[in-house]
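Trainee:
Number of protein chains: 2
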Amino acid sequence: MTDFIEIIKQLKFNKDGLIPAVAQDIDSGEVVMVAYMNEESLIKTLKGKKACYYSRSRQKLWTKGENSGNFQEVKQLLIDCDADTILLKIKQHGGACHEGYFSCFFRKINDKGEIEIIREKIFDKNKIYKQNLLSLKRK
Amino acid sequence: MTDFIEIIKQLKFNKDGLIPAVAQDIDSGEVVMVAYMNEESLIKTLKGKKACYYSRSRQKLWTKGENSGNFQEVKQLLIDCDADTILLKIKQHGGACHEGYFSCFFRKINDKGEIEIIREKIFDKNKIYKQNLLSLKRK
Chain A
-19 MTDFIEIIKQ LKFNKDGLIP AVAQDIDSGE VVMVAYMNEE SLIKTLKGKK ACYYSRSRQK
41 LWTKGENSGN FQEVKQLLID CDADTILLKI KQHGGACHEG YFSCFFRKIN DKGEIEIIRE
101 KIFDKNKIYK QNLLSLKRK
Chain B
-19 MTDFIEIIKQ LKFNKDGLIP AVAQDIDSGE VVMVAYMNEE SLIKTLKGKK ACYYSRSRQK
41 LWTKGENSGN FQEVKQLLID CDADTILLKI KQHGGACHEG YFSCFFRKIN DKGEIEIIRE
101 KIFDKNKIYK QNLLSLKRK
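Residue numbers (the numbering used here), protein chains in the order written: chain A, -19 to 119; chain B, -19 to 119.
#1: Run through the DSSP bridge pairs and tell me what A:TYR33 is partnered with.
#2: Take B:LEU(-2) and list the residues in its own chain whose beta-carbon comes closer than 7 Å to its own, dropping the five residues that flank it on each side.
#3: Between B:HIS78 and chain A, is the shortest Cβ-Cβ distance under 9 Å, so that the two count as touching?
#4: Using a cut-off of 8 Å between C-beta atoms, extract the partners of A:GLU103 located in chain B.
#5: Please report the straight-line C-alpha distance between B:GLY74 and B:GLN52, rounded to a whole angstrom.
#6: Mind pulling the chain A residues with CB within less than 7 Å of B:GLN4?
#7: Report yes if the C-beta distance between B:THR(-18) and A:LYS92 is below 9 Å; otherwise report no.
#8: Contact criterion: CB-CB distance below 9 Å. Does A:GLU(-14) meet it with respect to chain B?
#9: From B:VAL12, B:LEU(-9), B:TRP42, B:SER8, pick the residue whose C-alpha is nearest to that of B:CYS77; which is it?
#10: By DSSP, does B:LYS101 sit in helix, in strand, or in coil?
#11: Any idea which residues DSSP pairs B:VAL54 with across the strands?
#12: In three-state terms, what does DSSP make of B:ILE6?
#13: On a Cα-Cα basis, can you pick out the residue from A:ILE108, A:PHE82, A:ILE59, A:CYS84 that is closest to B:GLU94?
#14: What residue does the beta strand (DSSP E) around B:LYS88 start on, and which one ends it?
#15: DSSP has A:VAL14 in a bridge; who is on the other side?
#16: Taking only beta-carbon positions, decide if A:HIS94 is within less than 9 Å of chain B.
#17: Please report the Cβ distance between B:LEU67 and A:PHE85, rounded to the nearest whole angstrom; I am assuming they are in contact, meaning their Cβ atoms lie under 8 Å.
#18: Output, in chain order, the set of chain A residues within a Cβ distance shorter than 9 Å of B:CYS32.
#19: Which term fits B:LYS24, buried or exposed, when burial requires 16 or more other beta carbons within 10 angstroms of its beta carbon?
#20: Any beta carbon from chain B within less than 9 Å of A:ILE89's own beta carbon?
#21: Using a Cβ-Cβ cut-off of 9 Å, state whether B:PHE86 counts as contacting chain A.
#22: Just the chain B side, please: which residues come within less than 8 Å of A:LEU57 by C-beta, in chain order?
#23: Under 8 Å Cβ-Cβ, which residues of chain A neighbour B:GLU(-10)?
#24: Would you grab the beta carbon distance between B:LYS88 and B:GLU100 for me? Rounded to a whole angstrom, and I think it's under 8 Å.
#25: Just mark B:GLN(-10) as buried or exposed, buried being the case when its beta carbon has 16 or more other beta carbons within 10 Å.
#26: When the Cα atoms are used, what is the spatial distance from A:SER48 to B:LYS(-8)?
#27: Can the beta-carbon of A:SER83 be found closer than 9 Å to that of A:ASP(-4)?
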């Protein structure tokens, strides 16, 4: 297996060493989230075929679904013309949003400039995170 | 018409005063590009219903299509759970990519870590930009 070093050299990471990654569910076509990758998380994603990001708040690698079980299987990884953004075509297991929605984009700005929720929740965030943390503790 | 000041206060712009915006074609579902907005370009987009970004390289507002004619009609503007990313559902006129493709994401990274072009060009970039610049000069 390649070590993916050559491809890393061709991408433009920002001054914090990060590149934005858009995750789009391959079945529904829904854009489910945008997060950031550093070199290490991108290589891990390319090798393991599970989306792995860099958490800016926790300052560490973050495999999507590691707490919730809502993994993202990576089917295709695309780059844009400027090589400074990634588009992941993924199969979203469960929902992408920690608030309980399939997509993090569950709110729109209406013509009055107000925020409106336009999606239904698909899971109870308290249940799923608790359940999975318990099962992790048991391991 | 609202001045959209209240909604601006609820969004999280980064330290450079920018917020990333993903543009998704509403008919095909294709993610066509990711660019950045500052407060002014976001308000202009909300008011005018044509996607307007902030060009980081040119350091000025940039209404997509102003040179190429390939405008983006904004049909819906969504925000994510963290209020730090925008998703624009747009009708893409012509192609979004200055290289001549419908989407800027016309290349994938294959399993060997190589870049592969996976889309066909839909316009000749030399023609379309020249044509439109000429027509602008005539005005």
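Positions of the beta carbon are idealized from the N, C-alpha and C atoms, including for glycine.
Mentor: Straight from the coordinates:
#1: Numbered from its first residue, the first sequence carries residue 33 of chain A at position 53. BP columns for A:TYR33 point to A:TRP42.
#2: As a working note, residue -2 of chain B is residue 18 in the second sequence. The answer, listed in chain order, is TYR16, MET17, ASN18, TYR34.
#3: Indexing the second sequence from 1 puts residue 78 of chain B at position 98. Chain A, which has a Cβ nearer than 9 Å to the Cβ of B:HIS78, makes this yes.
#4: The residue you call residue 103 of chain A lines up with position 123 of the first sequence. A quick correction: the sequence has Phe, not Glu, at residue 103 of chain A. Those within 8 Å of A:PHE103 in chain B number zero; the least Cβ separation is about 14 Å.
#5: Translated into the one-based positions of the second sequence, residue 74 of chain B becomes position 94. Translated into the one-based positions of the second sequence, residue 52 of chain B becomes position 72. Using only the alpha carbons, I get a separation of about 9 Å.
#6: The sequence position of residue 4 of chain B within the second sequence is 24, counting from 1. Chain A residues near B:GLN4: VAL11.
#7: Stepping through the second sequence from its first residue, residue -18 of chain B is reached at position 2. Stepping through the first sequence from its first residue, residue 92 of chain A is reached at position 112. Yes.
#8: Stepping through the first sequence from its first residue, residue -14 of chain A is reached at position 6. Chain B contact via Cβ: present.
#9: Counting from one through the second sequence, the residue named residue 77 of chain B turns up at place 97. Comparing Cα positions, the closest option is B:VAL12.
#10: Within the second sequence, numbered from 1, the residue matching residue 101 of chain B stands at position 121. Note: B:LYS101 maps to coil in three-state DSSP.
#11: In the second sequence, counting from the first residue as 1, residue 54 of chain B sits at position 74. Paired residues: B:ILE70.
#12: Stepping through the second sequence from its first residue, residue 6 of chain B is reached at position 26. Coil.
#13: Against the second sequence, residue 94 of chain B aligns to sequence position 114. Per the Cα distances, A:ILE59.
#14: Residue 88 of chain B sits at position 108 when you count from the first residue of the second sequence. Segment 87 to 89, the beta strand (DSSP E) holding B:LYS88.
#15: For the purposes of this step, residue 14 of chain A is taken as residue 34 along the first sequence, with counting starting at 1. A:VAL2, per the DSSP bridge assignment.
#16: The residue labelled residue 94 of chain A in the question sits at position 114 within the first sequence. Looking at the sequence itself, residue 94 of chain A is Glu, so the reference to His does not match. So yes, A:GLU94 belongs to the interface.
#17: Within the second sequence, numbered from 1, the residue matching residue 67 of chain B stands at position 87. Within the first sequence, numbered from 1, the residue matching residue 85 of chain A stands at position 105. With a contact defined as Cβ atoms closer than 8 Å, B:LEU67 and A:PHE85 qualify at about 5 Å.
#18: Residue 32 of chain B sits at position 52 when you count from the first residue of the second sequence. Those within 9 Å of B:CYS32 in chain A number zero; the least Cβ separation is about 15 Å.
#19: As a first step, residue 24 of chain B is located in the second sequence; it is residue number 44 there, counting from the start. With 16 or more other Cβ atoms within 10 Å, it is buried.
#20: The residue given as residue 89 of chain A occupies position 109 in the first sequence. Closer than 9 Å to some Cβ of chain B, the Cβ of A:ILE89 qualifies, so yes.
#21: By one-based count along the second sequence, residue 86 of chain B stands at place 106. Yes - at least one Cβ of chain A is within 9 Å of the one on B:PHE86.
#22: Taking the first sequence and counting its residues from 1, one reaches residue 57 of chain A at position 77. Per Cβ cutoff of 8 Å: LYS88, ILE89.
#23: Translated into positions along the second sequence, residue -10 of chain B becomes position 10. Correcting the residue type first, residue -10 of chain B is Gln in the shown sequence and not Glu. Residues of chain A passing the Cβ test: ILE95.
#24: The count along the second sequence starts at 1 and reaches residue 88 of chain B at position 108. The count along the second sequence starts at 1 and reaches residue 100 of chain B at position 120. The Cβ separation is near 14 Å, so there is no contact.
#25: Here residue -10 of chain B refers to the residue found at position 10 when the second sequence is read from its first residue. Only exposed fits B:GLN(-10), as fewer than 16 other CB atoms lie within 10 angstroms of its CB.
#26: Translated into positions along the first sequence, residue 48 of chain A becomes position 68. Translated into positions along the second sequence, residue -8 of chain B becomes position 12. Approximately 25 Å between the Cα atoms of the pair.
#27: Here residue 83 of chain A refers to the residue found at position 103 of the first sequence. Here residue -4 of chain A refers to the residue found at position 16 of the first sequence. Contact flag unset, no.
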